[in-house]
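Heads up: the sequence shown at position 180 corresponds to 178 in my numbering, and the numbers run straight through without jumps. Glycine residues also receive a C-beta, built at the ideal position from the N, C-alpha and C atoms. Each remark here refers to the structure printed beneath this line.
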Amino acid sequence: MRPHVDQRQARVLTLVRARGSVRVADLARELGISPVTLRRDIEAMTARGEIQRMHGVISRVDPAQGPAARRTGAQAPAPARGAADHTGGGEGLVVGMVVPTTEYYYADVVRGAREAVEVRGARLTVGLTRYLPGEDRTQADRLLSTGAHGLLLTPNWEAGSPGPEEGAWAAELPVPTVLVERWAPPGHPAAALDRVASDHAHGAARAVQHLAGLGHRRIALASRTTPTTARLRAGYEAAVAALGLEQAPPWPAAEPGASSEADLFARTLEYLCGAVTEGGVTAALIHSDTDAIMLIPRLTARGVRVPEDLAVITYDDEVAGMADVPLSAVAPAKHEVGARAAGLLMDRLLADGDPEAGPRQHLELLPRLTIRP
């Protein structure tokens, strides 16, 4: 072994014996070495019985637990609270999850994350933001202060991705973090984070392809502004162009000032009525299911029959199948998004949160189109 390696490992051993235990990430920063280098040292020192390694933490060896004691079957010290042995999965780990709500769309996302965390022996705690400005960071800080070892994060980014001056804090969190159903553009600090999201653009394009296959040549997209809308519109416009379809009337520009939910709903209704009666539209992708179910009787009252005058596919598929006439719908893989994001985070945590333990991942899961008669 080279002298500087001996010296470095001796320094590690001195610090561990003096403090009892120390986080691997903190120790790497203190010594000014990479997590990969420190992990090699830890593996060698653990093999020699000089230290104990637990999840993200190394600790000194009790003299009673030396080689002789181990040969007689003495028990090793229990992991510190909040730690987990690598061979035993994630017992004792806490995963924090920041989401806008645990209702509607995010109910399945949270359920998938919880199941994936618990099957590894860890525990999920949730912070809700209700889309309030700044609340995502407040909830993240709260979960960290109560012992979360890693975060699943759905920030309140109105367009689904942050603006130039928004969201950099997410990349500076001191624990492994995975974005869930959010995207950061190349060059943004948060773009370097792991993320798992639905490919909403693909879902919208799939709906347009199906409607075009039924012979519709002018198809509209009706979606109020949500974090999903920009991706839906990108997929919709790409499919219209690729299939050579006719352009639907443009979505109306937003009126100055805040509008109530009733105003926004009325705007959607007026757009669809005009698109059919004056714009030649014969089919539409409507986001979301609840809007579609509320719109259809109002369209009928205005003389626009569904599906005779307007074929409809909804987006989300939360309640589309429960409409009086079940609606075809695009369903993002919400449960799987939560499960994949949690699994990716658990893998990071069980690798000591080492940022170099494998490449960062951007996963996009394809939504499914369900056709109902």
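A distance below 8 Å between beta-carbons, with the five flanking residues on each side excluded, links Q207 to the following residues of its chain, in chain order: A237 and L241. Following the DSSP letters along the chain, one finds M344 in no beta strand (DSSP E) but inside the alpha helix (DSSP H) bounded by residues K332 to L347. Counting every other CB atom within 10 Å of its CB across the protein chains shown gives V310 a total of 16 or more, marking it as buried.
The region 187 to 197 makes no contact with the region 111 to 125, as fewer than three CB pairs between them are under 8 Å. With a cutoff of 8 Å on beta-carbon distance, D197 and L367 are scored as not near each other. Distance from the CA atom of L150 to the CA atom of P184, rounded to whole angstroms, is 20 Å.
Burial state of Y129 is exposed, judged by a 10 Å Cβ sphere holding fewer than 16 other Cβ atoms. With contacts defined by Cβ atoms closer than 8 Å, L25 and L11 do not form a contacting pair. For P187, same chain residues with a beta-carbon under 6 Å away, outside a window of 5 residues either side, are A166 and A169 in chain order.
When C-alpha distances from L270 are compared across A281, D261 and A260, the shortest belongs to A281. Straight through space, the alpha carbons of E334 and L342 are spaced by roughly 12 Å. Secondary-structure assignment with DSSP links G148 through a beta bridge to V93. The shortest CA-to-CA distance from A337 to any of H214, A42 and E179 is the one to E179. Q50 carries a strand assignment under DSSP once its states are collapsed to helix, strand and coil. Rounded to the nearest angstrom, the gap between the Cα atoms of V22 and V107 is 31 Å.
With contacts defined as CB atoms closer than 8 Å, A202 and L283 qualify as a contacting pair. Less than 8 Å divides the Cβ of V317 from the Cβ of D287. The Cβ neighbour count for R204, taken over all protein chains shown within 10 Å, is at least 16; the residue is labelled buried. Cβ neighbours of P162 within its own chain (closer than 8 Å, five residues either side excluded): H186. Listed in chain order, the non-local C-beta contacts of E244 below 6 Å within the same chain comprise R215 and R216, local neighbours out to five positions each way being set aside. Only buried fits I49, as 16 or more other CB atoms lie within 10 angstroms of its CB. Secondary structure note for S143: it is in no beta strand (DSSP E), and the uninterrupted alpha helix (DSSP H) holding it is E133 to S143. E113 and G213 have their C-alpha atoms spaced approximately 43 Å apart. Taking every protein chain shown into account, the CB of T227 has 16 or more other CB atoms within 10 angstroms, so this residue is buried. Annotation for R193: the continuous beta strand (DSSP E) segment containing it runs D192 to S196. Looking only at G319, A331 and D322, the smallest Cα-Cα distance to G110 is reached by A331. Burial state of H2 is exposed, judged by a 10 Å Cβ sphere holding fewer than 16 other Cβ atoms. In this model, L297 and S143 are separated by some 51 Å (Cα to Cα).
About 7 Å separates the CB atoms of Y313 and L230; that is less than 8 Å, so the two are in contact. The three-state secondary structure of T99, taken from DSSP, is coil.
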